[in-house]
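Trainee: One structure is given below, represented as structure tokens, and several questions about it will come after.
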Ligand SMILES: Cc1ncc(COP(=O)(O)O)c(C=O)c1O
């Protein structure tokens, strides 16, 4: 099969599954009105699939900071920090993240995807082992591949399974990087962090926690699962993204280990790409301040979460195992998921459709992401739409 | 040694039965992806079952070279003997 034939096969497979009249993946957004509303075609829609957990994409403080940074430092850095230097904003943001986690050091990356690629491939290499949760995000899998380390998976959130695999490694458990996520992006459940920490201590391994979906969402000041569980000092490396609760784009790694800084010299996804734009850094710094002081935002977010989760649960939808800002409805077939996704769009609600192989265990998901910026009335409206659609989806 | 390989092959075929109807014959030459329709996600889950069955670690990197039942059995056998 030629290279182009392979892509034709991909196109054919997609065509067989998906309708032709709407673009299910990469739906064109024709105008954006606010952090929760936009226009698709002629329809005004509610965003219920974006990861704008704190609703900060239009926060005046962030907009102003970004505008000012463009005016003073320009539109881009046009290169890597290793070659072209580190702007003051980038350095300040790293210091602010290190302070936030009371950690020794922080490195800022251009995306969260690259934060995982860079951290994993900088830490582990040929001869080492990465032991990852089976439901890990693609950026974790790709970082592991890039590292050249041996990749072993354990069953999702199953600590007996993790221990079994650590035991099998024998002495090699000491050169093993265990990787888990604060909140899993597909089903919204959390890693059993205290148990993971115990195991990594027992077996002398190193632990990396990705707080992509939990930053700003969990913990009194929004550090994530580490704060919620009081384990910030126990985790070796924490990665996360600016693209969700911080409403920007970029990623970070913080650590209590001063060796983190050496990643700047060995990690290809840090060295061989341009650093974030000054505007991105400036809006992220402003957003981080709002996130740290965002107790009210978190309260609003969790009220919305509980309201929608319990409504969908009562309606009889099969959901992820615990309430979280990621509320996934699990459908039996991709066709059912597509019908629900379409029905919601016709009600003016835009959510994520996840079909195999992206979702765990061959499931199909319609995934909602709740925001602090959603109103209680909007949650009612969404609940009513799910209620109406239930009859047609499961008839 | 040879009998160990046979033992691995037998157990592996038993596991693979879950992907086929009862009357499909699985031979060492059976192609996992094209004939048994084991996609990448199923293959990763199968590997966890194999790890537990044989009490070994099978890095998923090693799967890049695995296409047939025989190749998977050989990989398992090699890991077992290296232990
Ligand atoms: C768990 C997890 N890690 C990392 C990322 C990557 O983040 P970014 O969008 O900043 O590249 C995501 C985003 O989807 C994610 O869900």
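Residue numbers (my numbering), protein chains in the order written: chain C, 32 to 426; chain B, 448 to 530.
Even glycine gets a Cβ: it sits at the ideal position worked out from N, Cα and C.
Identify each residue in the stretch 180–193 of chain C for which the Cβ-Cβ distance to at least one residue of chain B is less than 7 Å, and report them in chain order.
Mentor: 181, 182, 183, 184, 186
Trainee: Who are the near neighbours of residue 272 of chain C in its chain, counting only those whose CB is closer than 6 Å to its CB and skipping five residues on each side?
Mentor: 143, 243, 282
Trainee: Give me the chain C residues within the contact set of residue 508 of chain B, using Cβ-Cβ distance strictly less than 9 Å, ordered along the chain.
Mentor: 175, 176, 179, 180, 181, 182
Trainee: Which chain C residues sit within Cβ distance under 8 Å of residue 491 of chain B?
Mentor: 165, 184
Trainee: Using a C-beta to C-beta distance shorter than 7 Å, which residues of chain B count as neighbours of residue 393 of chain C?
Mentor: By Cβ distance, chain B contributes 488.
Trainee: Answer yes or no: the CB of residue 153 of chain C versus the heavy atoms of ligand 1, is any distance below 6 Å?
Mentor: no
Trainee: If the cut is a Cβ gap below 9 Å, which residues of chain C does residue 503 of chain B touch?
Mentor: Correct list: 199.
Trainee: Taking the CB atoms as reference points, tell me whether residue 213 of chain C and residue 256 of chain C lie closer together than 7 Å.
Mentor: yes
Trainee: Could you have a look at residue 273 of chain C and say whether DSSP puts it in helix, strand or coil?
Mentor: coil
Trainee: Which term fits residue 128 of chain C, buried or exposed, when burial requires 16 or more other beta carbons within 10 angstroms of its beta carbon?
Mentor: buried
Trainee: Taking the continuous alpha helix (DSSP H) assigned at residue 417 of chain C, which residues delimit it?
Mentor: 407–424
Trainee: Can you pull the DSSP bridge partners for residue 93 of chain C?
Mentor: For residue 93 of chain C, which the question treats as bridged, DSSP gives no partner whatsoever.
Trainee: Once the 5 residues before and after residue 329 of chain C are set aside, which same chain residues still bring their CB inside 8 Å of it?
Mentor: 85, 247, 248, 253, 403
Trainee: Cβ closer than 8 Å: which chain B residues qualify as neighbours of residue 388 of chain C?
Mentor: Near residue 388 of chain C (Cβ distances below 8 Å), the residues of chain B are 486, 487, 488.
Trainee: Identify whether residue 453 of chain B lies in helix, strand or coil by the three-state DSSP scheme.
Mentor: helix
Trainee: For residue 196 of chain C, return the contacting residues in chain D, with the cut-off set at a CB-CB distance below 8 Å.
Mentor: Going by chain labels, chain D is absent from the structure shown, which instead holds the protein chains C and B.
Trainee: I'd like to know whether the C-beta atoms of residue 182 of chain C and residue 161 of chain C end up nearer to each other than 7 Å.
Mentor: Yes, the Cβ-Cβ distance between residue 182 of chain C and residue 161 of chain C is below 7 Å.
Trainee: Kindly indicate the opening and closing residues of the alpha helix (DSSP H) around residue 301 of chain C.
Mentor: 299–302
Trainee: Using only the alpha-carbon positions, how far apart do residue 66 of chain C and residue 81 of chain C sit?
Mentor: Rounded to whole angstroms, residue 66 of chain C and residue 81 of chain C show a C-alpha spacing of 9 Å.
Trainee: Mind checking whether residue 237 of chain C and residue 208 of chain C have CB atoms under 7 Å apart?
Mentor: yes
Trainee: Contact defined as beta carbons within less than 8 Å: I believe residue 99 of chain C pairs with residue 312 of chain C. What is the distance between those atoms, to the nearest angstrom?
Mentor: Between residue 312 of chain C and residue 99 of chain C the Cβ distance is about 12 Å, and since that is not below 8 Å, they are no contact.
Trainee: Between which two residues does the alpha helix (DSSP H) carrying residue 36 of chain C extend?
Mentor: 34–48
Trainee: In angstroms with no decimal places, state the Cα-to-Cα distance between residue 191 of chain C and residue 459 of chain B.
Mentor: The alpha-carbon separation between residue 191 of chain C and residue 459 of chain B amounts to approximately 23 Å.
Trainee: For residue 351 of chain C, count neighbouring C-beta atoms within 10 Å of its own C-beta (all shown protein chains included) and say buried if the count is 16 or more, exposed if not.
Mentor: buried
Trainee: For residue 398 of chain C versus residue 413 of chain C, is the C-beta spacing smaller than 7 Å?
Mentor: Contact flag unset, no.
Trainee: Are the CB atoms of residue 204 of chain C and residue 178 of chain C nearer to each other than 7 Å?
Mentor: no
Trainee: With a cut-off of 8 Å on the beta carbons, I'd call residue 503 of chain B and residue 527 of chain B a contact; round off their distance for me.
Mentor: 6 Å
Trainee: Would residue 188 of chain C be called buried (16 or more neighbouring beta carbons within 10 Å of its own) or exposed?
Mentor: buried
Trainee: Is the closest heavy atom of ligand 1 to the C-beta of residue 243 of chain C under 6 Å?
Mentor: yes
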